[in-house]
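Heads up: the structure comes next, in structure tokens.
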Amino acid sequence: MILIKVTIQFFQHIWSLIIQYFLKQSHTKQPIPLSVNYHLTRACNYRCKFCFHTSLTNDRLPLDEAKRGIRLLQQAGTKKINFSGGEPFLIEQGRYVGELTRFAKEECQMATSIVSNGSLISEKWFEKYSKYLDILAISCDSFDDECNRQAGRTNG
């Protein structure tokens with residue numbers, strides 16, 4: 001439990017430093033990230049051989065802290081945010097990514113997208129949150145090695 005708390009505090013600190021950097025850059029007319037990929041977790045419910053997301057833990061920022069970071073990105077000039085993982089729908093059955101998507105779209109006027117393996121998206125989630133989502137990308141990987149080879153993936 002102590003390790004999880006320390007890990008979350010570390011990520012909160014890093015997140016804060018990144019946001020401070022982008023805010024500083026926006027005031028000095030330096031380039032800012034117009035689009036941000038936010039990896040919510042490294043945990044996934046699949047174990048694809050080609051994927052680098054192999055963590056079994058599900059550490060993440062508290063929802064309010066993640067929203068604060070998104071707000072700071074918006075204030076710095078970011079226009080689009082993509083939520084991914086691991087598998088972003090593992091956290092709170094998708095409520096976490098849904099609330100961040102709603103916040104980014106409704107309160108920060110950002111374009112929003114999610115990359116998922118699609119296995120955990122429920123009809124109930126889609127009914128509640130799809131109006132805040134511009135793009136939902138579902139990975140099309142296969143357990144069939146020949147299918148992956150034809151799609152350009154090797155060792156798949």
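Here full-length UniProt numbering is used: the first residue of the sequence shown is 1, the next is one more, and so on.
We put the beta carbon where it would ideally sit given N, CA and C, even for glycine.
How about the region 63-79 and the region 114-134: do they share at least three Cβ pairs that are nearer than 8 Å? no
Excluding five sequence neighbours on each side, which residues of the same chain lie with their C-beta closer than 6 Å to the C-beta of G94? W125
Complete beta strand (DSSP E) runs within the UniProt domain "Radical SAM core" (28-156) (minimum length 3 residues, chain order): 35-39, 80-84, 111-116, 135-138
Buried versus exposed, by CB contacts within 10 Å (16 or more), C44: buried
What does the Cβ neighbour count give for S84, buried or exposed, with the cut at 16 atoms within 10 Å? buried
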